[in-house]
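First the structure, in the form of structure tokens, and then the observations on it.
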Amino acid sequence: MLPSFFVSLNHPMQSINHHPFTKGLLTWYRQHARELPWRQTQDPYAIWLSEVVLQQTRVAQGLPYYLKLLEVFPTVESLAHADESVLFRHWQGLGYYSRARNLHKTAKLVVSDFQGKFPTTYDALIQLPGVGPYTAAAIASFAFGEAKPVVDGNVFRILARYFGIETDILHSSARKEFTEVAQELIPNDLAAEFNQAIMDFGSLQCSPAPSCGSCPLSLTCFAFQQKRISDFPVKQKKAKQRNRYFNYFIVEQGKRILIRERKEKDIWSGLWEFYLVESPQVEELESIMEMDENLSTLLQGATIQSLKSPKLHILSHQKIHCRAWHIQVPDNLDISMLDGFQWIQPEDFEKLGKSVLLLNLITDNLHLQIFNDSMPR
DNA sequence: AAGCCGGGGCG
DNA sequence: CGCCCAGGCTT
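Take 10 as the starting number for the first sequence in this note's numbering and just add one per residue.
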């Protein structure tokens, strides 16, 4: 849904789109258009080739590959009849190699099922292997003038800023919403130009670090007017789930246990925990001891037994793989206080804040003498 | 809905 | 050097 100042078109066949965004964009493009080789042709084969090469690929990186591929495979027939290994040889270094496989598939398909002529509509193009919503819209508009808007990262960014669209662009519903907005903006008689324009505008003017000072659309741009340029597009921080391996040691001497407060800039800061050794992966006890000098010292003359523990603790952005051991240090062993650690009576430890992982660990091991009657269930 | 595929550019 | 890129396919 466009903001209210958008004058909605009454019928879809209207030929001129008067929206200030569209007018400004096209005016800008006529002064700033990049000269790119695939813009000199109407050949759907060359356009398709360029679009596949440019998927997830910067123009500067894809350009030499496009030129070479078009030279080696000037027609869809030549590509269809080529040995796939030859195609891969020329794709080498470009990445995303399934693109090459699908390119060959589609070339053979176009030759065998379509007499070497590419389908001429968005709906037919999107059926081809390696042709998704973006590429189908690009070919349909550039080669056949169909008024389908391309919606890529540039378009998400530009429309989010200009209209102040708060939708998370990583959300599954975002493509539909942004496509609907773009569909209302694209002029039926200038679809190809509009699509080329919005790509160049995203690359040259409304880039991730935009040049608003020289932008002809800034006067009507929501993000610029609100001084909220950095707020758009809204994009959920991808909280990559990191695997971490926590090895907890319940170190006991007499009736007391060794604990510390988490103070670093990390999860559970301000909460309390047992002696922890974090390892880069699952490790044998011997390896963990080697990693930690203090632990080696503590273990001299101590009895040790492995504990039941929650195997996996899932946080929004981390997976904690947990193992635990119980260490009983002889009363007569003198342990100089470890830096940052302190001894505590279990009943006092009960009063301190702990992570759910640690609470689960305790609950799983209430049979330990040290926890009897001192910890809540 | 989430994971995977690859390079290069950027701060 | 970690982060980003935002297209299409697979699971």
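Using N, Cα and C, we set each Cβ at its ideal position, and we do this for glycine too. Predicted model only: the values in this text are computed from it and were never measured.
For a test of the three-state rule: what should DSSP assign to residue i, helix, strand or coil?
{"i": "V190", "result": "helix"}
{"i": "K114", "result": "helix"}
{"i": "S288", "result": "strand"}
{"i": "H335", "result": "strand"}
{"i": "Q70", "result": "helix"}
{"i": "L375", "result": "coil"}
{"i": "L370", "result": "helix"}
{"i": "L347", "result": "coil"}
{"i": "H99", "result": "helix"}
Quick check: residue i and residue j, are their CB atoms within less than 7 Å of each other?
{"i": "P53", "j": "I195", "result": "no"}
{"i": "R170", "j": "F241", "result": "yes"}
{"i": "D340", "j": "G263", "result": "yes"}
{"i": "T2", "j": "P29", "result": "Given that the chain is displayed from residue 10 to residue 386, the structure contains no residue 2 and the question cannot be resolved."}
{"i": "D177", "j": "V81", "result": "no"}
{"i": "R271", "j": "L280", "result": "yes"}
{"i": "G398", "j": "V61", "result": "The structure shown does not extend to residue 398, since the chain spans only 10 to 386, so no value can be given for it."}
{"i": "D132", "j": "Y143", "result": "no"}
{"i": "G222", "j": "N163", "result": "no"}
{"i": "L34", "j": "A206", "result": "yes"}
{"i": "F233", "j": "S227", "result": "yes"}
{"i": "Q214", "j": "C224", "result": "yes"}
{"i": "A89", "j": "V120", "result": "yes"}
{"i": "L375", "j": "S318", "result": "no"}
{"i": "F172", "j": "F231", "result": "yes"}
{"i": "F165", "j": "L267", "result": "no"}
{"i": "K77", "j": "H99", "result": "yes"}
Exposed or buried, which one is residue i when buried takes at least 16 other CB atoms within 10 Å?
{"i": "P219", "result": "buried"}
{"i": "H27", "result": "exposed"}
{"i": "H335", "result": "buried"}
{"i": "S59", "result": "buried"}
{"i": "D92", "result": "exposed"}
{"i": "H322", "result": "buried"}
{"i": "S182", "result": "exposed"}
{"i": "N381", "result": "exposed"}
{"i": "A333", "result": "buried"}
{"i": "F97", "result": "exposed"}
{"i": "F14", "result": "Residue placement at F14 is flagged as unreliable, the pLDDT there being 31, under the threshold of 50; a coordinate-derived value is accordingly withheld."}
{"i": "V95", "result": "exposed"}
{"i": "K328", "result": "exposed"}
With a cut-off of 8 Å, do at least 3 Cβ pairs link the stretch 117-135 to the stretch 31-49?
-> no
Pair every Cβ in the stretch 134-152 with every Cβ in the stretch 193-208, then say whether three or more of these pairs are closer than 8 Å.
-> yes
Stretch pair the stretch 310-322 + the stretch 271-285: three plus CB contacts closer than 8 Å = no
Within the stretch 288-318, note down every full alpha helix (DSSP H) run reaching 4 residues or more, in order along the chain.
-> 294-300 and 302-307
Could you pull out every unbroken alpha helix (DSSP H) segment of at least 4 residues lying fully inside the stretch 226-264, listed in chain order?
-> 231-234
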